[in-house]
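Numbering (our numbering), first residue to last: -1 to 195.
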């Protein structure tokens, strides 16, 4: 009888150990998966132009005119570092779409009062964080049905407030002959400022 009890206890403890090991493995794999799903700190600055173009191409659906990379529309940038978002613009104009010139401009779209209250900063100061030439571009010629990609980069200074700021992307189009500008598409993204390392 004593031998049977020892054997049963041994089988139960081995089964318990195996169960614990399996559950820990599932827990670790689950945490890795969750980390990868919710990761927003994608380094756009480290991507080559071809890598960015491939990622943006994956984001375009049939009717999209503008896409933002990463597709979460959220990017984390640390103080004293440079990072940003990828921007894709596709010419979906019918007819003589190649005779049009596109442009884009990125502006702070967080309300000025909220920006001042929650981040203690003014819009004009935020706009100085953009790397020259990445916040606005004109005379972009995109063949009909094709798309272009751009990196929009920010240099976040030390001392910048740790907060999240919403930006709008306004894409326009005009005749190459110098006609009036019409709105083509709009989108948005968020930049979350994190402390420096």
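Note that beta-carbon positions come from the ideal geometry of N, C-alpha and C, so glycine has one too.
The C-alpha of residue 55 lies about 21 Å from the C-alpha of residue 134.
According to the DSSP secondary-structure assignment, residue 62 is paired through a beta bridge with no residue. Relative to residue 63, the option among 171, 179, 44, 194 whose CA is nearest is 171. The criterion of a C-beta distance shorter than 8 Å is satisfied by residue 136 and residue 101. Rounded to whole angstroms, the Cβ separation of residue 145 and residue 58 is 7 Å, and the two are in contact under 8 Å. 189 is the residue among 189, 66, 164 whose C-alpha sits nearest the C-alpha of residue 74. If you draw a straight line from the Cα of residue 130 to the Cα of residue 124, it comes to about 13 Å. Here residue 121 is not near residue 168, since their CB atoms are 8 Å or more apart.
Assigned with DSSP and collapsed to three states, residue 55 falls in helix.
Ranked by how close their Cα comes to the Cα of residue 147, the residues 88, 72, 81, 61 have 88 in first place.
The continuous beta strand (DSSP E) containing residue 183 extends over residues 180 to 192.
Under the DSSP assignment, residue 112 falls in the alpha helix (DSSP H) whose first and last residues are 110 to 117.
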